[in-house]
Amino acid sequence: MNSTEIKAMVIAVHKERYALYDETNGEYYGKLKSSNYHYAQLYPYPVTGDYVICQHNPLGDSVILETLERKSFIQRFDAWSASNAQAIAANVDEIFILTSANHDFNLKRLHRYLAACRQENAHCTILITKADTAEDIDAYLLAAKSDMPDVEVIAISAKTGWQLDKVKEKMKPGKVSVFLGSSGVGKSTLVNALAGREVMDVNGIREDDSKGRHTTTHRQMIFLDNGAMVIDVPGMRELALLDAQEGLNRTFRSVSELEKMCRFSDCKHQNEPGCAVRAALENGSLTQKELDEFKTLQKEAKRIRRDRDIMVSKYRKEMRKTPKGRR
Ligand SMILES: Nc1nc2c(ncn2[C@@H]2O[C@H](COP(=O)(O)OP(=O)(O)OP(=O)(O)O)[C@@H](O)[C@H]2O)c(=O)[nH]1
Ligand SMILES: [Mg+2]
Ligand SMILES: [Zn+2]
226 MNSTEIKAMV IAVHKERYAL YDETNGEYYG KLKSSNYHYA QLYPYPVTGD
276 YVICQHNPLG DSVILETLER KSFIQRFDAW SASNAQAIAA NVDEIFILTS
326 ANHDFNLKRL HRYLAACRQE NAHCTILITK ADTAEDIDAY LLAAKSDMPD
376 VEVIAISAKT GWQLDKVKEK MKPGKVSVFL GSSGVGKSTL VNALAGREVM
426 DVNGIREDDS KGRHTTTHRQ MIFLDNGAMV IDVPGMRELA LLDAQEGLNR
476 TFRSVSELEK MCRFSDCKHQ NEPGCAVRAA LENGSLTQKE LDEFKTLQKE
526 AKRIRRDRDI MVSKYRKEMR KTPKGRR
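This is how it looks when you write it as C-alpha cells:
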C-alpha cells in the first residue's frame, strides 16, 4: 500500500459505483480499476461489507484496486447470473433471520435459511417480528423453539420497541450484522428503530397475504450509535441453497451423525444391514418427518449444484459464439 492507497469499507453497491467509508475521509464513492477486475479478474467484485484497497480521490470517484480477503460471505443461488450466485454481504459476524408473526411464518423456509447461513461461520439468531400484531406470540415462539432447539429465537416489535434491547445486545461495537428475510418482514423498520432515525424507506404490506412490496433495492450498511454496523438488504423470496451441504449437515446434525455410523458409506437407509438411521427411526430418537426433510433439502442442494454446472457450461458456450468486441 503506498501513501495514497487506503483501506476502506464498502457500505453500499449501486450498479457501477461503490459507496465507501474510512475513518479519515468519511463517506465517498469509488469505481473499480478495470484492469484488476474486469480484465485480469484478480479479485472478486466487492459487495457490501467488503474491505477494499483504494486510491483515494478527494475531488471525484476514488479507484478501487483490490478486494481484501473475506472472513465470511453470504450468497444465494441465482439462475440469472453467470456464476449462478448472487452475493449478499461479506464479513458478517451475526446473521439475523427475520420472519413475521403472520402468513410469512414458515418453519421449512427457516430451515433453508439456517442451512445456507450456517455454511458461513457467522452466528445466527431468528427474530419473529411484528409481535404487536399477533394474538398469541407465544405460540409462534413455541413453534420455532421446539422445532429448532439449538437456535436462539427472539420475538420483537420494532413498532413498540418491545425486546429491541435483546437484539441490540447482540450487535457489538465494530461487528457487522445482517438482516435477512422476505420482503415486508420489517427489516428496514427494525434498522430505523435501532438507529433511532429514518435511515431506510419502509412501505406497507398486502393485507391478504402479508407480502411486501420490495421497498429496499440495494444493500446498505448502517452505522449505529454504539459502533455496531448492520446491513439492510432487499427482501428475497427464498434463500435458495447454493452449495449448502455443510450447512445442511450442521442444521440436521443428528441425521448426518447417524449417517456416518451406517455400516456402508453409501447406505440408502432402506434394507442395508447395520443402518444407524433406521435403527434411530425404530427406537424413536429420529422421526420420519426429520429424515424426510433432510432428504428433500439434500436433493435440492444436489439439484442446484447440477443446474449450476449446466448453466455455467451453457453460458461459456454462448460467450464463445459471441464476437469478442460485443462481449
Ligand atoms: N405492526 C407492526 N408493523 C411493522 C413492524 N415492523 C414493520 N412493520 C410494518 O411492515 C411493513 C414493511 O416493513 P419494511 O421495514 O419496509 O419491510 P422490509 O423487510 O424492509 O421490506 P423490503 O425492503 O421490501 O424487503 C411496514 O408497513 C412497516 O410499518 C412491527 O414491529 N409491527
Ligand atoms: Mg426494506
Ligand atoms: Zn443407513
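Counting with the numbering used here, you get residues 226 to 552 for the letters of the sequence shown. Note that beta-carbon positions come from the ideal geometry of N, C-alpha and C, so glycine has one too.
Return yes when the Cβ of H263 is within less than 7 Å of the Cβ of S435, no when it is not.
In this structure, H263 does not lie closer than 7 Å to S435 by Cβ.
Taking only heavy atoms of ligand 5 into account, decide whether any of them is closer than 6 Å to the Cβ of V502.
By its list of ligands, the structure shown excludes ligand 5, since it contains just ligand 1, ligand 2 and ligand 3.
Confirm the yes/no value for this check: CB of H494, any heavy atom of ligand 3, distance under 6 Å.
The answer is yes for H494.
Would you check if there are 3 or more beta carbon pairs closer than 8 Å linking the region 425-443 to the region 393-401?
With the cut-off at 8 Å, the region 425-443 and the region 393-401 do not touch.
Given the structure, does Q413 come close to ligand 2, in the sense that its CB is under 6 Å from one of the ligand's heavy atoms?
Going by the sequence as given, residue 413 is Ser instead of Gln. Yes, ligand 2 has a heavy atom inside 6 Å of this Cβ.
Less than 7 Å separating the beta-carbons of E482 and F489?
Against a cut-off of 7 Å, the Cβ pair of F489 and E482 comes out as no contact.
For the region 441-450 against the region 266-274, are there 3 or more C-beta pairs whose distance is under 8 Å?
Enough Cβ pairs lie closer than 8 Å, so yes.
Look up K549 in the DSSP assignment and say whether it is helix, strand or coil.
Because K549 carries a pLDDT of 49, less than 50, the predicted location of this residue cannot be relied on, and the following value inherits that uncertainty. Helix.
Which of the three DSSP states is assigned to F321 in this structure?
Residue state, collapsed to three classes: strand.
Could you tell me whether any non-hydrogen atom of ligand 2 is closer than 6 Å to the CB of T441?
Checking the Cβ of T441 against ligand 2 gives yes.
Got a sec: does ligand 1 put a non-hydrogen atom nearer than 6 Å to the Cβ of I351?
Result no, Cβ not under 6 Å from ligand 1.
Straight-line CA distance for P374 to L367?
About 10 Å.
Tell me which residues share the same chain as R551 and place their Cβ nearer than 7 Å to its Cβ, disregarding the 5 neighbours each side in the sequence.
The pLDDT assigned to R551 is 44, lower than 50, so where the model puts this residue is not dependable; a value taken from the coordinates is nonetheless given after this. Cβ neighbours of R551 beyond the five flanking positions: none.
Does any heavy atom of ligand 1 sit closer than 6 Å to the C-beta of T358?
The answer is yes for T358.
Quick check: is any heavy atom of ligand 1 less than 6 Å from the C-beta of I320?
No, Cβ of I320 sits at least 6 Å from all heavy atoms of ligand 1.
Helix, strand or coil: how does DSSP classify Q495 here?
Coil, per DSSP.
Using only the alpha-carbon positions, how far apart do S408 and G509 sit?
Distance between the alpha carbons of S408 and G509: 38 Å.
Leaving aside the five residues before and after H239 along the sequence, list all residues of the same chain whose C-beta is less than 7 Å from its C-beta, in chain order.
Only H443 meet the Cβ criterion.
State whether the region 380-390 contacts the region 409-417, with contact taken as three or more CB pairs (one from each stretch) at a distance under 8 Å.
Counting Cβ pairs under 8 Å, three or more are found: they touch.
Between which two residues does the beta strand (DSSP E) carrying Y243 extend?
R242 to D247 is the extent of the beta strand (DSSP E) around Y243.
When the Cα atoms are used, what is the spatial distance from I236 to M454?
Each residue's alpha carbon lies about 10 Å from the other.
Is the distance from the Cβ of V410 to the Cβ of L323 below 7 Å?
In contact: V410 and L323 (Cβ atoms closer than 7 Å).
Which of the three DSSP states, helix, strand or coil, is assigned to T229?
T229 falls in the coil class under three-state DSSP.
Can you tell me which residues form a DSSP beta bridge with H239?
The partner list for H239 (beta bridge, DSSP) reads R242.
Along the chain, where does the beta strand (DSSP E) containing V376 start, and where does it finish?
Here V376 belongs to no beta strand (DSSP E), and DSSP marks it neither H nor E.
Would DSSP call K393 helix, strand or coil?
Three-state DSSP puts K393 in a helix.
Count the other C-beta atoms from every protein chain shown that fall within 10 angstroms of the C-beta of T441, then say buried if there are 16 or more, exposed otherwise.
T441 should be labelled buried.
Taking N331 as the reference, give the member of Y365, C342, Q300 and G255 with the closest Cα.
Considering only alpha carbons, the answer is Y365.
Using alpha carbons as the reference points, say which of D517, A341 and L284 lies closest to I320.
Ranking the options by Cα distance to I320, first place goes to A341.
Does DSSP classify E507 as helix, strand or coil?
Looking at E507 - three-state DSSP - the assignment turns out to be helix.
From what residue to what residue does the beta strand (DSSP E) around L293 run?
Where L293 is concerned, there is no enclosing beta strand (DSSP E), given that its DSSP letter is neither H nor E.
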